[in-house]
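> Mind looking over this structure? Questions follow.
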């Protein structure tokens with residue numbers, strides 16, 4: 215193998231040859247990176263499904279399996295920290311597969327010089343958040359990198375959940391006629407991080423919405439709601455989540471702007487900062503696609519769980535125009551939602 | 215939560231308050247970090263088992279689950295790269311639980327500015343190594359961090375394997391009288407990385423021993439060998455692996471120096487560099503503890519697999535002195551192997 219034995223950070227002669235921050239943003243560039251490099255390398259049907267996690271059968275047991283690395287800056291922010299994010303993020307990805315989350319792994323990449331106090335704060339968060347969600351941390355790893363080769367702390371969590379029903383919840387299961395339900399207001403996580411990072415102060419502190427969604431999903435499954443697709447709205451926000459589902463299912467999703475709740479202070483921050491709340495990251499919100507006839511019952515169940523108590527129906531899936539998401543404004547005009555190339559804010563999770 | 219919202223890299227007033235490179239070395243300091251911070255935070259019996267992975271029962275299925283983050287520098291080295299390391303490392307941790315590895319997740323933390331060519335090289339390695347081992351990459355994640363906040367590329371892999379037998383393979387299953395088998399020569403990975411990093415040249419290039427150990431373990435299981443414990447000899451090398459097992463099992467392990475093979479060029483490099491091959495990282499070597507009466511058959515089976523074709527019996531487990539590892543030199547003297555505080559070389563995997 216005649217491979218180079220050193221890694222260099224070359225001067226970007228052709229910028230197209232190098233990874234940029236936008237490639238991590240969950241938008242169009244990240245999809246290009248996946249389509250061009252990752253998917254062709256691995257050719258696995260589970261990856262091709264472009265779901266939040268993989269669904270596997272081991273013996274007679276159906277499992278969901280997922281992973282995420284967290285590189286959020288700063289490590290602590292109003293309402294949470296990298297630990298709460300890492301636990302809830304992985305639990306939520308399992309829940310989006312319709313699985314009951316069981317166990318987590320945690321792997322830490324620590325930059326030399328991190329105060330033990332900081333590490334302890336994050337470990338305590340991970341322990342508390344996972345305990346509250348009834349999920350056990352069962353295995354892990356710790357690496358340390360030289361000062362200047364990391365950024366305090368990066369956390370990876372992987373998780374396993376068990377699927378205890380016969381449904382196949384995935385973008386490809388979405389059908390024309392499905393109702394699109396949204397579990398709550400959007401944009402809070404993105405603005406919370408942005409505000410801390412840029413030292414912005416608002417009348418009241420905007421807190422992340424970071425929370426586990428597993429109980430809300432489990433309640434729907436327990437009530438035998440037929441769920442076609444679930445998606446938590448992280449990097450890229452509501453818009454990107456819906457566009458991904460429209461593209462995978464080759465269907466059209468139409469949503470009503472008036473039904474999408476953005477809290478007053480989040481909307482204010484977005485106006486000042488020039489951000490679109492539909493594209494801002496959330497860490498405790500999801501959409502559910504369910505058959506029209508089950509929409510009302512599903513909404514009632516979602517509203518009975520505190521994390522989704524403000525759930526609303528925001529739209530409908532139709533046949534055409536295929537693979538597109540449109541938004542109807544309050545005055546009746548309609549626009550197409552397009553995927554951003556990157557993320558409005560890098561390193562949001 | 216009155217937590218600070220910025221992370222600072224303070225001047226180390228008291229060095230004991232901060233994580234050092236040695237805390238990632240697999241030695242005594244890393245064990246202190248685990249004992250003092252990680253284990254008390256999570257209090258999970260699976261973590262307390264201090265095994266290479268966790269063993270879980272989901273429904274009627276017994277699973278092994280493990281994770282590792284890889285931060286090796288440089289990314290490419292003779293005989294492998296961070297991709298081969300990440301795949302084999304996680305497969306091997308599953309194998310050490312006596313599991314048949316099934317699926318992997320991969321999560322990338324990319325530093326802005328990494329050439330796509332480098333990423334592609336690593337992705338191809340991951341794909342090739344996992345394909346050859348019959349293991350599928352089924353889920354993943356990609357994050358990008360700002361230039362100067364990472365080091366090219368960090369890779370996390372987590373893995374799931376299935377346990378298809380009734381044995382409980384773990385340090386606590388080791389018994390006095392067990393034979394200690396070692397699958398091959400030691401020290402190659404550590405010297406291979408060191409040589410590249412320091413620009414050292416030897417008569418012949420020393421290659422990493424990085425390889426999957428699953429086939430060798432599976433062959434023993436298929437032959438109904440009673441295996442008490444397995445351990446792959448990564449960070450901290452043979453010495454640390456044995457010390458961990460002696461401490462967990464509260465037994466004494468005595469090994470014969472004459473039975474431990476160190477290749478001529480590795481031994482030469484160690485002498486020049488002042489390294490002890492017993493503490494050098496390996497990425498394709500393991501020890502097996504089996505009952506005395508099965509030792510010969512187990513060795514025959516190990517030798518029938520190319521990755522462990524030079525397997526040898528290196529010692530025996532006895533009752534006392536409890537929790538200690540001793541080495542008998544060629545002239546009959548005996549010394550205690552003590553855990554190093556860190557790793558002789560940081561960022562070896």
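Residue numbers (our numbering), protein chains in the order written: chain A, 215 to 563; chain B, 215 to 563.
Ideal Cβ positions, reconstructed from N, Cα and C, are used throughout, including at glycine.
(1) From the beta carbon of residue 322/B, is the nearest beta carbon of chain A less than 9 Å away?
(2) To the nearest angstrom, report how far apart residue 216/B and residue 290/A are at their CA atoms.
(3) My parser needs the beta strand (DSSP E) runs of 3 or more residues fully inside the region 417–476 of chain B; what are they?
(4) How would you write the range of the alpha helix (DSSP H) that residue 338/B sits in, first residue to last?
(5) Would you kindly check if the distance between the Cβ of residue 234/A and the Cβ of residue 450/A is under 9 Å?
(6) For chain B, find out if any of its Cβ atoms is closer than 9 Å to the Cβ of residue 284/A; answer yes or no.
(7) Within a Cβ cutoff of 6 Å, which residues of the same chain sit near residue 311/A, ignoring the five residues on either side of it in sequence?
(8) Residues of chain B with CB under 8 Å from residue 244/A, in chain order?
(9) I'd like to know if the region 404–417 of chain B and the region 502–515 of chain B are in contact, where contact means that at least 3 CB-CB pairs between them fall below 8 Å.
(10) Considering Cα atoms alone, identify which of 303/B, 530/B and 409/B is closest to residue 538/B.
(11) For the alpha helix (DSSP H) containing residue 296/A, name the first residue and the last one.
(12) Out of 227/B, 434/B, 421/B and 272/B, point me to the one whose CA is closest to residue 498/B's CA.
(13) What residues of chain A sit near residue 414/B, judged by a beta carbon separation below 7 Å?
(14) Looking at the unbroken beta strand (DSSP E) that takes in residue 546/B, where does it start and where does it end?
(15) Can you tell me whether residue 438/B is buried or exposed, with buried defined as 16 or more other CB within 10 angstroms of its CB?
(16) To the nearest angstrom, report how far apart residue 525/B and residue 288/A are at their CA atoms.
(17) Taking all protein chains shown into account, decide if residue 370/A is buried (16 or more other Cβ within 10 angstroms of its Cβ) or exposed.
(18) Closer than 8 Å by C-beta to residue 243/A: which residues in its own chain qualify, once you throw out the five before and the five after it? Chain order, please.
(19) Please report the distance separating the alpha-carbon of residue 392/A from that of residue 527/A.
(20) Alpha carbon to alpha carbon, how far is residue 419/B from residue 430/B? Give it in angstroms, no decimals.
(21) Compute the beta-carbon to beta-carbon distance between residue 250/B and residue 274/A, rounded to the nearest angstrom, for a pair I have assumed lies under 8 Å.
(22) I'd like the list of long-range same chain contacts for residue 542/A, defined as Cβ closer than 6 Å, with 5 residues on each side in sequence excluded.
(23) Taking DSSP as the reference, what is the three-state secondary structure of residue 503/A?
(24) So residue 166/A and residue 480/A are supposed to be a Cβ contact under 8 Å. How far apart are they, rounded?
(25) Between the region 356–368 of chain A and the region 449–468 of chain A, are three or more C-beta pairs nearer than 8 Å?
(26) Quick check on residue 215/A: does DSSP put it in helix, strand or coil?
(27) Given that residue 237/B touches chain A, what residues does it touch there, using C-beta distances under 7 Å?
(28) Looking at the C-beta of residue 274/A, does it have a partner C-beta in chain B at a distance below 9 Å?
(29) Are the Cβ atoms of residue 435/A and residue 396/A separated by less than 9 Å?
(30) From residue 518/A to residue 432/A, what distance separates their C-alpha atoms?
(31) Does the beta carbon of residue 399/A sit closer than 9 Å to a beta carbon anywhere in chain B?
(32) By the 10 Å Cβ neighbour count, where 16 or more other Cβ atoms means buried, how is residue 257/B classified, buried or exposed?
(33) Three-state secondary structure (DSSP) at residue 319/B?
(34) State the CB to CB distance for the pair residue 399/B and residue 477/B, rounded to an integer number of angstroms; the pair is presumed to be in contact (CB under 8 Å).
(35) Quick one: is residue 605/B near chain A, going by C-beta distance under 9 Å?
Reading from the atomic positions:
(1) Indexing the second chain from 1 puts residue 322/B at position 108. Chain A contact via Cβ: present.
(2) Residue 216/B sits at position 2 when you count from the first residue of the second chain. Residue 290/A sits at position 76 when you count from the first residue of the first chain. Because residue 216/B carries a pLDDT of 48, less than 50, the predicted location of this residue cannot be relied on, and no value is offered for it.
(3) Counting only runs of 3 or more, we get 443–446 and 466–470.
(4) As a position in the second chain, residue 338/B is number 124, starting the count at 1. DSSP places residue 338/B in the uninterrupted alpha helix (DSSP H) bounded by 330–346.
(5) Indexing the first chain from 1 puts residue 450/A at position 236. Indexing the first chain from 1 puts residue 234/A at position 20. No.
(6) Translated into positions along the first chain, residue 284/A becomes position 70. Interface annotation, residue 284/A: in contact with chain B, CB-CB separation under 9 Å.
(7) Stepping through the first chain from its first residue, residue 311/A is reached at position 97. The answer, listed in chain order, is 267, 269 and 278.
(8) Residue mapping note: residue 244/A aligns to position 30 of the first chain, counting from 1. Under the 8 Å cutoff, chain B gives 356.
(9) The region 404–417 of chain B is not in contact with the region 502–515 of chain B.
(10) Residue 538/B sits at position 324 when you count from the first residue of the second chain. Check the Cα spacing between residue 538/B and each of 303/B, 530/B and 409/B: the tightest is with 530/B.
(11) Taking the first chain and counting its residues from 1, the one referred to as residue 296/A is at position 82. First-last of the alpha helix (DSSP H) with residue 296/A: 296–310.
(12) Taking the second chain and counting its residues from 1, one reaches residue 498/B at position 284. Per the C-alpha coordinates, the member of 227/B, 434/B, 421/B and 272/B positioned closest to residue 498/B is 421/B.
(13) What you label residue 414/B is simply residue 200 of the second chain in a count that begins at 1. In chain A, no part has a C-beta under 7 Å from the C-beta of residue 414/B; the shortest such distance is about 12 Å.
(14) In the second chain, counting from the first residue as 1, residue 546/B sits at position 332. First-last for residue 546/B: undefined, no H or E at that position.
(15) Within the second chain, the letter at position 224 stands for residue 438/B. When all chains shown are included, residue 438/B counts as exposed.
(16) For this step, residue 525/B is matched to residue 311 along the second chain. For this step, residue 288/A is matched to residue 74 along the first chain. Taking the straight line from one Cα to the other gives about 49 Å.
(17) Working through the first chain from its first residue, we reach residue 370/A at position 156. Buried is the label assigned to residue 370/A, since at least 16 other Cβ atoms lie within 10 Å of its Cβ.
(18) Here residue 243/A is taken as the residue at index 29 of the first chain, counted from 1. If we look at residue 243/A and ignore the five residues flanking it on each side, its Cβ neighbours are 234, 236, 237, 555 and 556.
(19) Stepping through the first chain from its first residue, residue 392/A is reached at position 178. Stepping through the first chain from its first residue, residue 527/A is reached at position 313. Taking the straight line joining both Cα atoms gives about 11 Å.
(20) Taking the first residue of the second chain as 1, we reach residue 430/B at position 216. Taking the first residue of the second chain as 1, we reach residue 419/B at position 205. Each residue's alpha carbon lies about 26 Å from the other.
(21) Locating residue 250/B in the second chain gives position 36, where the first residue counts as 1. Locating residue 274/A in the first chain gives position 60, where the first residue counts as 1. So it is not a contact: roughly 41 Å between Cβ atoms.
(22) For the purposes of this step, residue 542/A is identified with residue 328 of the first chain, where counting begins at 1. Non-local beta-carbon contacts of residue 542/A in its own chain, meaning distances under 6 Å to residues more than five positions away in sequence, involve 470 and 548 in chain order.
(23) Residue mapping note: residue 503/A aligns to position 289 of the first chain, counting from 1. In the structure shown, the three-state DSSP call for residue 503/A is strand.
(24) There is simply no residue 166/A to check, as chain A begins at 215 and stops at 563 in what is shown.
(25) Contact between the region 356–368 of chain A and the region 449–468 of chain A is absent, because fewer than three Cβ pairs lie under 8 Å.
(26) Numbered from 1 along the first chain, position 1 holds the residue referred to as residue 215/A. No answer about residue 215/A holds up, because its pLDDT of 44 lies below 50 and its placement is not dependable.
(27) Against the second chain, residue 237/B aligns to sequence position 23. Result: 358.
(28) One-based indexing of the first chain puts residue 274/A at position 60. The beta-carbon of residue 274/A is placed less than 9 Å from the nearest beta-carbon of chain B.
(29) Working through the first chain from its first residue, we reach residue 435/A at position 221. Working through the first chain from its first residue, we reach residue 396/A at position 182. Not a contact, by the Cβ cut-off of 9 Å.
(30) Residue mapping note: residue 518/A aligns to position 304 of the first chain, counting from 1. Residue mapping note: residue 432/A aligns to position 218 of the first chain, counting from 1. In a straight line, the C-alpha of residue 518/A is about 12 Å away from that of residue 432/A.
(31) Working through the first chain from its first residue, we reach residue 399/A at position 185. Chain B, which has no Cβ nearer than 9 Å to the Cβ of residue 399/A, makes this no.
(32) Your numbering for residue 257/B matches position 43 in the second chain. Only exposed fits residue 257/B, as fewer than 16 other CB atoms lie within 10 angstroms of its CB.
(33) Residue numbering aside, residue 319/B sits at position 105 when the second chain is read from its first letter. Looking at residue 319/B - three-state DSSP - the assignment turns out to be strand.
(34) The residue labelled residue 399/B in the question sits at position 185 within the second chain. The residue labelled residue 477/B in the question sits at position 263 within the second chain. In this structure residue 399/B touches residue 477/B by the C-beta definition: roughly 5 Å separates them, less than 8 Å.
(35) With chain B covering only 215 through 563, there is no way to say anything about residue 605/B.
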